[in-house]
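Following this note's numbering, the numbering of the sequence shown begins with 100 at its first residue and continues without gaps.
C-beta atoms are modelled at their ideal positions from N, C-alpha and C, and glycine is treated no differently.
No experiment lies behind these values; they were computed from the predicted model shown.
Notes follow the structure.
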Amino acid sequence: MLTRRQVLATFGVATAALTAGTAPAAARPAPETVAPLGRDFHWGVAASGFQTEGHAPDSNWLRYVANHAEYDRYGNSVDFFSRYGSDIGLAKDLGVGVYRIGVEWARVQPAPGVWDEAGFAFYDSVIAAVRAAGIRPMLTLDHWVYPGWAADRGGWAHPDMLGDWLGNMRRVVDRYASMNPLWVTINEPFAYMMNEVRNGGLPLTEVPIMQARLAQAHNTIYDHIHQVQPGAMVTSNVAYIPAADPIVNGPMIESIAAKLDYVGIDYYYGMSADVAARYSAYPSGELWNLPLQAEGIYYALRHFAQLLPGTPLYIVENGMPTENGAPRSDGYTRADNLRDSIYWIQRAKADGIDVIGYNYWSLTDNYEWGSYTPR
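Written out as structure tokens, the structure reads:
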């Protein structure tokens, strides 16, 4: 079974032929000029609910873990549920201005038509702590996890899923809009659909239905957010797939493009011609061995700037996995990757690309959708 970043790696292999002409070394921007990112640039960290909170209620993902022997047992992840105060304190010490978290549907709605005030109280406390630290919350409404009762009905294949999703998300928005968060409606829709199929939560034949419902979910909740929070900034983030992005993410983006206040972009791995062959040399699970091309973040930004001119861009996820915290075999460090990634964001800014923020994934280790090995 493939996790989120394994989906990216898998599609990188599948599309290697398409990338043969993508971003050759000679075409990369000359490194003479960089631009200051400015005082208004959003520096952030990011995490998701299920991956960090622990103490998880019944959900599709808790069931996937139980049903797949090859997955690491979930336990309490890194126990953000109990340790959020110290984690937010670490973010404050780093000087970041944005903290991305998820509000887990499964935690706040344990049964159809029933909302758990204790579940909401947890997020009340987390968001209050984020704001008290002088940090702006970025709230993700759906980071691939839905309640067990929704899974019992067939998840996104069930005709009532969209209505139930909207019923919960409107409550979340109404509760937290006054906190002036940035919003992410649905995390990586394409990877969401692929992981539902791989984990048995959705028949392959139902993918078009799920995609249509996700697009309607985004568009509808976008309007509701703007009704209760005038001036809100709302996106659905996409995981950039070099060369194949028009095929992979294009249909979803086309469906929601009119309702994006900024484009949330996730970038992890490059796929230029000079490294494409190396992808097939590693099992898809060995994320720490995949070639990192920090300069690819420039091309991701350029791609979306050209696709959606006039829409600001925000790197809402970028980072580097290691194998249980061990050094990479090529000696490339997290500091190297961060320095190089920010340099290429500065290059994009210098070339007139409207990039407004960057979130590092992630502040802490987490449960990487079936495994604790990638750190």
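**Q.** residue 401 beta carbon less than 8 Å from that of residue 444
**A.** Start at 1 with the first residue of the sequence shown, and residue 444 comes out as number 345. Start at 1 with the first residue of the sequence shown, and residue 401 comes out as number 302. Cβ atoms of residue 444 and residue 401: not closer than 8 Å.
Q | residue 142 - partner residues in DSSP beta bridges | A | Looking up residue 142 in the sequence shown gives position 43. Residue 142 is bridged to 457.
Q. Since residue 285 contacts residue 317 with CB under 8 Å, what's their CB separation in whole angstroms?
A. Here residue 285 refers to the residue found at position 186 of the sequence shown. Here residue 317 refers to the residue found at position 218 of the sequence shown. Residue 285 to residue 317, Cβ: 6 Å. Contact.
Q.
What would DSSP say about residue 346, mapped onto helix, strand or coil?
A. Here residue 346 corresponds to residue number 247 of the sequence shown, with the count starting at 1. Residue 346 falls in the helix class under three-state DSSP.
**Q.** the segment 174-181 in contact with the segment 253-268 per 3-pair CB rule at 8 Å
**A.** no
Q. So, using beta-carbon positions, are residue 320 and residue 364 closer together than 8 Å?
A. Within the sequence shown, residue 320 is the residue found at index 221, counting from 1. Within the sequence shown, residue 364 is the residue found at index 265, counting from 1. Contact: no.
Q) DSSP state of residue 422, grouped into three classes? A) If you number the sequence shown from 1, residue 422 lands on position 323. If DSSP states are grouped into helix, strand and coil, residue 422 belongs with the strands.
Q.
Please classify residue 368 as buried or exposed, where buried requires at least 16 neighbouring CB atoms within 10 angstroms.
A. Locating residue 368 in the sequence shown gives position 269, where the first residue counts as 1. Residue 368 comes out buried.
Q: Spatial neighbours of residue 124 within its chain, please: CB distance less than 6 Å, with the 5 preceding and 5 following residues excluded, ordered by chain position.
A: To locate residue 124, count along the sequence shown from 1; it is residue 25. Residue confidence is low: residue 124 scores 37 on pLDDT, short of 50, so the model does not pin down where it sits. No coordinate-derived value is stated.
**Q.** Among 421, 223, 253 and 307, nearest to residue 273 - alpha-carbon criterion
**A.** As a first step, residue 273 is located in the sequence shown; it is residue number 174 there, counting from the start. Measuring from the Cα of residue 273, the nearest candidate turns out to be 223.
Q: Compare the beta carbon distance of residue 261 and residue 208 with 8 Å and say whether it is the shorter of the two.
A: Taking the first residue of the sequence shown as 1, we reach residue 261 at position 162. Taking the first residue of the sequence shown as 1, we reach residue 208 at position 109. No, these two residues do not count as a Cβ contact at 8 Å.
Q.
Quick check on residue 299: does DSSP put it in helix, strand or coil?
A. Along the sequence shown, read from residue 1 onward, the residue named residue 299 stands at position 200. Residue 299 falls in the coil class under three-state DSSP.
Q) When the distance is taken between beta carbons, is residue 248 closer than 8 Å to residue 217? A) Within the sequence shown, numbered from 1, the residue matching residue 217 stands at position 118. Within the sequence shown, numbered from 1, the residue matching residue 248 stands at position 149. No, the pair does not count as a contact, with Cβ atoms beyond the cut-off.
Q | From 259, 337, 305 and 255, residue whose alpha carbon lies closest to that of residue 290 | A | Counting from one through the sequence shown, the residue named residue 290 turns up at place 191. Of the listed residues, the one whose Cα sits closest to residue 290 is 337.
Q. Could you check where the beta strand (DSSP E) with residue 282 kicks off and where it finishes?
A. Residue 282 sits at position 183 when you count from the first residue of the sequence shown. 281-285 is the span of the beta strand (DSSP E), which, as asked, contains residue 282.
Q. CB-CB under 7 Å to residue 278, same chain, minus the five flanking residues each way: which ones, in chain order?
A. Within the sequence shown, numbered from 1, the residue matching residue 278 stands at position 179. Contacts found: 226, 230 and 236.
Q: In the DSSP assignment, find the unbroken beta strand (DSSP E) run with residue 439 in it and report its ends.
A: Against the sequence shown, residue 439 aligns to sequence position 340. Segment 433-449 is the alpha helix (DSSP H) holding residue 439; no beta strand (DSSP E) there.
**Q.** residue 201 versus residue 431: straight-line alpha-carbon distance, rounded
**A.** On the sequence shown, position 102 is the one that residue 201 refers to. On the sequence shown, position 332 is the one that residue 431 refers to. Distance between the alpha carbons of residue 201 and residue 431: 30 Å.
Q: Could you name the residues of the same chain whose beta carbon sits closer than 6 Å to that of residue 206, not counting the 5 residues immediately before and after it, in chain order?
A: Indexing the sequence shown from 1 puts residue 206 at position 107. The answer, listed in chain order, is 156 and 218.
Q: Would you identify the three-state DSSP class for residue 122, choosing helix, strand or coil?
A: Along the sequence shown, one-based indexing puts residue 122 at 23. Residue confidence is low: residue 122 scores 39 on pLDDT, short of 50, so the model does not pin down where it sits. Its coordinate-derived value is still stated next. Coil at residue 122, not helix or strand.
Q. Residue ranges of each beta strand (DSSP E) run of no fewer than 3 residues wholly in the segment 156-238, ordered along the chain?
A. 197-201
Q. From which residue to which residue does the alpha helix (DSSP H) around residue 308 run?
A. Here the question's residue 308 lines up with position 209 in the sequence shown. Start and end: 306-327.
Q. Grouping DSSP H, G and I as helix and E and B as strand, with all else coil, what is residue 133?
A. The residue you call residue 133 lines up with position 34 of the sequence shown. Note: residue 133 maps to coil in three-state DSSP.
Q | Extent of the continuous alpha helix (DSSP H) run through residue 273 | A | Translated into positions along the sequence shown, residue 273 becomes position 174. Here the alpha helix (DSSP H) through residue 273 covers 260-275.
Q) Is it buried or exposed for residue 154, if we count other Cβ within 10 angstroms and need 16 for buried? A) Position 55 of the sequence shown holds residue 154. With fewer than 16 other Cβ atoms within 10 Å, it is exposed.
**Q.** Backbone CA spacing between residue 250 and residue 281 [nearest angstrom]
**A.** Position 151 of the sequence shown holds residue 250. Position 182 of the sequence shown holds residue 281. So the alpha carbons of these two residues sit roughly 28 Å apart.
Q | Meets three-Cβ-pair contact criterion under 8 Å: the segment 169-179 and the segment 145-153 | A | yes
Q. Expressed to the nearest angstrom, what Euclidean distance is found between the alpha-carbon atoms of residue 472 and residue 422?
A. For this step, residue 472 is matched to residue 373 along the sequence shown. For this step, residue 422 is matched to residue 323 along the sequence shown. Roughly 6 Å separates the two Cα atoms.
Q: Give the DSSP-derived three-state secondary structure of residue 396 in the structure shown.
A: Here residue 396 refers to the residue found at position 297 of the sequence shown. Correct three-state label for residue 396: helix.
Q.
Tell me the residue span of the beta strand (DSSP E) that contains residue 65.
A. Here the chain covers residues 100 to 474 and nothing more, so residue 65 does not appear.
**Q.** Contact set for residue 354: own chain, Cβ-Cβ below 6 Å, skip 5 residues either direction
**A.** For the purposes of this step, residue 354 is identified with residue 255 of the sequence shown, where counting begins at 1. Excluding sequence neighbours, residue 354 sits near 314.
Q.
I need the boundaries of the beta strand (DSSP E) containing residue 413, first residue and last residue.
A. Counting from one through the sequence shown, the residue named residue 413 turns up at place 314. Run containing residue 413: 412-416, per the beta strand (DSSP E) assignment.
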